[in-house]
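Presented below is the structure to which this report refers.
Printed below as a string of structure tokens:
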């Protein structure tokens, strides 16, 4: 029989469902991985794998190669029965051996490995037989000091603030440069329509039209073939392409490296081609000292980046809200517990403060008025009112006396209680709720799976369509030049027919690429 282990990987940098699909699809192909489930909101991947073939660190590395951040979560496995300790005072390999052999002889310890270099001990135990405090005691008796590896309770990975900031900045940069470009474009359109009206009414000759056109400030040529309009647009477009598009370029590069095409690839393709084409056309016009200013696409990249970065920003804000709910749930958990030792007739013999993770099943825990219940349990002694609104939503406190059950995270109000722990660690109601919420965010609606599938085919097909457009127009042009002549604006006799056809074909295919980009907003 194949052994199957389960590990959890913390994944950062996922923006949408297609990232999830991308990770899941690529990892399923790997040897030794049985199944993988990725939670977008919780930023967690649950992987079932064959430890004989692949290790968690290798799995994390595979995810990293796809362009995401990934770290293996050590403390998130089966929850009960795994213990990570920091052991101080070990000097050599014999200390390690001493700890390991003693622990393995201890009843209830299933597995133990101690690393001298990192001072860490990794122990698996059966919580029915032995608890974390017993294990710690065994190590202390051998003469070493030991403490728990601190869990990150802040749920910092659920924090989308950095991404929100990053996309907001990207949006603002694009917007600042986009507004003037749009202004120029609208102004040109208005002037053009006025001119064509004038042309219609007064039957001016083409020469007079040229004269009026070139007298417009924006059409004024700084250098032969380089108009003010094009030059200004170029200056405004460069910063957007660099600063606004920075994240897109990185993501697109990583996607292409893995032979997948996501939305970022399409956006980068469209904006880069539009930008490069415009620059080349300008250079050609300047080389030819053209009288008529060429049609450029400098207005496209800023406007695309504005729309898309706005979409991403809003998306992260929405994700932040959902994750905030999770983080709040996690923050309801108590961090410490007061464990007491009882003598005959429930006399208090001693009490000590311990981490919540160290509470074992069957421990007697004392909860003072105003304190949070650290674990689920049953009341042994005491009488109090308890606010359980976090679970039930009921604002009225509930009376608790001996024999009643209490829920972790609820707040004790006026009396002191002694409870016997029934569910600890990952088994408490609150942990289960957190887990359910995370799992609910992991599972996908059928429509979402469909959208993920679509986005995988969407990008290559758009690129294909625009390439077809390019060649189709080139062929049409060489077969029947009149059609191109009819649609190509600003055609004048000084340019060769072949060049007109190629320019027109490029304009058509770039247009196809660019109009497909906002569809990503629809998919998102």
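In full-length UniProt numbering, the protein residues as written are 1 to 524. Cβ coordinates follow ideal geometry from the N, Cα and C atoms, glycine included.
Worksheet entry | Within the stretch 410-445, ranges of the beta strand (DSSP E) (whole runs, at least 3 residues) | If we require 3 residues or more, the beta strand (DSSP E) runs fully inside the stretch 410-445 come out as 417-423.
Worksheet item: With respect to the beta strand (DSSP E) encompassing residue 364, which residues constitute its N-terminal and C-terminal limits?
Response: 364-367
Worksheet item: Roughly how many whole angstroms lie between the Cα atoms of residue 35 and residue 454?
Response: 22 angstroms
Worksheet entry | Distance CB(residue 123)-CB(residue 103) smaller than 8 angstroms | yes
Practice prompt. Can you check DSSP and say which residues form a bridge with residue 145?
Written response: 88
Discussion item. My assumption, with CB atoms under 8 angstroms, is that residue 419 sits in contact with residue 380. Please give the rounded CB distance.
Written reply: 6 angstroms
Item to complete: Would you mind sorting residue 530 into buried or exposed? The rule is 16 or more other CB atoms within 10 Å of its CB.
Response: Since the first residue shown for the chain is 1 and the last is 524, residue 530 is missing from the structure and cannot be characterised.
Worksheet entry | Cβ neighbour criterion (16 or more within 10 Å) applied to residue 319 | In the assembly as shown, residue 319 is a buried residue. Its beta-carbon has 16 or more other beta-carbons within 10 Å.
Item to complete: Starting from the C-beta of residue 233, find all residues in its chain whose C-beta is less than 7 angstroms away, skip the five residues before and the five after it, and write them out in chain order.
Response: 181, 184, 296, 298, 299
Fill in: Residues bridged to residue 376 (per DSSP)
BP columns for residue 376 point to 423.
Worksheet item: Are there 16 or more other CB atoms within 10 angstroms of the CB of residue 363, so buried, or fewer, so exposed?
Response: buried
Worksheet item: Which whole-angstrom value is the C-beta distance of residue 31 and residue 54, which I expect to be below 8 angstroms?
Response: 7 angstroms
Worksheet item: Tell me which same chain residues have a C-beta within less than 6 angstroms of the C-beta of residue 19, skipping the five on either side of it?
Response: none
Worksheet item: According to the neighbour-count rule (16 or more other Cβ atoms, all chains shown, within 10 Å of its Cβ), is residue 341 buried or exposed?
Response: exposed
Item to complete: Give the straight-line distance between the Cα atoms of residue 14 and residue 62, rounded to the nearest whole angstrom.
Response: 15 angstroms
Discussion item. Can you confirm whether the stretch 468-482 touches the stretch 500-515 when touching is taken to mean that 3 or more C-beta pairs between the two stretches lie within less than 8 angstroms?
Written reply: yes
Discussion item. Would the stretch 276-288 count as touching the stretch 247-264 if we require 3 or more Cβ pairs under 8 angstroms?
Written reply: no
Item to complete: Select from 398, 275, 168 the residue whose C-alpha is nearest the C-alpha of residue 307.
Response: 168
Fill in: Three-state secondary structure assigned by DSSP to residue 123
strand
Discussion item. Can you look up residue 385 in the DSSP assignment and give me helix, strand or coil?
Written reply: It is a strand residue.
Worksheet item: What residue does the beta strand (DSSP E) around residue 220 start on, and which one ends it?
Response: Here residue 220 belongs to no beta strand (DSSP E), and DSSP marks it neither H nor E.
Discussion item. Please classify residue 92 as buried or exposed, where buried requires at least 16 neighbouring CB atoms within 10 angstroms.
Written reply: exposed
Worksheet item: Would you call residue 312 buried or exposed, if buried means 16 or more other Cβ atoms sit within 10 Å of its Cβ?
Response: Buried.
Discussion item. Assuming residue 236 is part of the alpha helix (DSSP H), what are its boundary residues?
Written reply: 228-239
Worksheet item: Between residue 50 and residue 274, what straight-line distance do the alpha-carbon atoms span, to the nearest angstrom?
Response: 48 angstroms
Fill in: CB-CB length for residue 4 against residue 23, believed under 8 angstroms
In fact, because the Cβ distance is near 20 angstroms, the residues do not count as touching under 8 angstroms.
Discussion item. Short of 6 angstroms in beta carbon distance, which residues of its chain neighbour residue 85, apart from the five on each side in sequence? Order them along the chain.
Written reply: 121, 146
Fill in: Every unbroken alpha helix (DSSP H) inside the UniProt domain "HMA" (5-71) [4 residues or more]
17-28, 56-65
Worksheet item: So what's residue 3 in DSSP terms, helix, strand or just coil?
Response: coil
Worksheet item: What's the call for residue 403, buried or exposed, on a 16-neighbour Cβ count within 10 Å?
Response: Exposed, by the Cβ-count rule.
Practice prompt. Give every residue of the same chain whose Cβ lies closer than 8 angstroms to the Cβ of residue 140, excluding the five residues on either side of it in the sequence, and list them in chain order.
Written response: 146
Worksheet entry | Separation of residue 378 from residue 367, as counted between CA atoms | 12 angstroms
Discussion item. Rounded to whole angstroms, what is the Cα-Cα separation between residue 327 and residue 316?
Written reply: Each residue's alpha carbon lies about 16 angstroms from the other.
Worksheet item: Any idea what DSSP makes of residue 470, helix, strand or coil?
Response: helix
Discussion item. On the DSSP bridge list, what partners appear for residue 400?
Written reply: According to DSSP, residue 400 bridges with 384.
Worksheet item: Can you tell me whether DSSP reads residue 334 as helix, strand or coil?
Response: In the three-state reduction of the DSSP assignment, residue 334 falls in the coil class.
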